[in-house]
Amino acid sequence: QELRRDPCGDSSCCWLGYKSLCRVNCGRPDVDYNGVVYGNDWWVGSVVRYTCRSGFMLVGNPTRYCQSNGLWTPKPSCLRMCQRGRVEISERELNGTCNSTCKFKSYVGPPKQGCTRIDNCKKKETGWKRFFAQCVPCICDCALSCAFAG
Numbered sequence: 272q273e274l275r276r277d278p279c280g281d282s283s284c285c286w287l288g289y290k291s292l293c294r295v296n297c298g299r300p301d302v303d304y305n306g307v308v309y310g311n312d313w314w315v316g317s318v319v320r321y322t323c324r325s326g327f328m329l330v331g332n333p334t335r336y337c338q339s340n341g342l343w344t345p346k347p348s349c350l351r352m353c354q355r356g357r358v359e360i361s362e363r364e365l366n367g368t369c370n371s372t373c374k375f376k377s378y379v380g381p382p383k384q385g386c387t388r389i390d391n392c393k394k395k396e397t398g399w400k401r402f403f404a405q406c407v408p409c410i411c412d413c414a415l416s417c418a419f420a421g
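Residue numbers (the numbering used here): 272 to 421.
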């Protein structure tokens, strides 16, 4: 056992490795209906991770920490995504680099070309003039929050 500083503030805390043995427990973390939470340690210093089911996008920090006051840090939410078809977008716009491949590239952020989420990208087949171009166009799935889809 290794004793560390007392994050509980009441001298009732000791640590075993990286786990806190404080008496303070944050309880089961809440989760959106379309979300999934991973982790079953709910004591001070514990971390749980969140993901969303297919068709939903995680908004907020994917991890939550059990704080010394017995409360979890803010919970992320799962936003329903609506498919809007395919879009053509430059590799550079996706993540700022160009390596002549579009695979494994995705974008989640402020709407870009009307899309909040861009993924499942494939290289656009182009003519010989594009052969030497470093930054290739990608054809990707486009989705945005159903709340904004109208």
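Cβ atoms here follow ideal geometry from the backbone N, Cα and C, with glycine treated the same way. A quick note: this is a predicted structure, and the numbers were derived from the prediction, not measured.
Rank C337, I389, W314 by C-alpha distance to the C-alpha of M352 and give the top, closest one.
Its Cα nearest to that of M352, the residue I389 stands out among C337, I389, W314.
CB G306 to CB R320, shorter than 8 Å?
no
Between the alpha carbons of S377 and S339, how many angstroms are there, rounded?
36 Å
Please report how far the alpha carbon of G385 lies from the alpha carbon of V379, in whole angstroms.
12 Å
Would G316 be called buried (16 or more neighbouring beta carbons within 10 Å of its own) or exposed?
buried
Check this for me: beta carbons of R357 and C406, under 8 Å apart or not?
no
Would you identify the three-state DSSP class for L329, choosing helix, strand or coil?
Strand, per DSSP.
So, helix, strand or coil for C409, using DSSP?
strand
Please state the DSSP three-state secondary structure of R324.
coil
Are D303 and C349 touching if we call contact CB-CB under 8 Å?
Yes, Cβ-Cβ distance for D303 and C349 is below 8 Å.
Could I get the ranges of all uninterrupted alpha helix (DSSP H) runs contained in the stretch 357-394, with 4 residues as the minimum, in chain order?
Positions of the alpha helix (DSSP H) runs, each at least 4 residues long and wholly inside the stretch 357-394, are given as 362-366 in order along the chain.
Is the CB-CB distance between C337 and C297 below 8 Å?
yes
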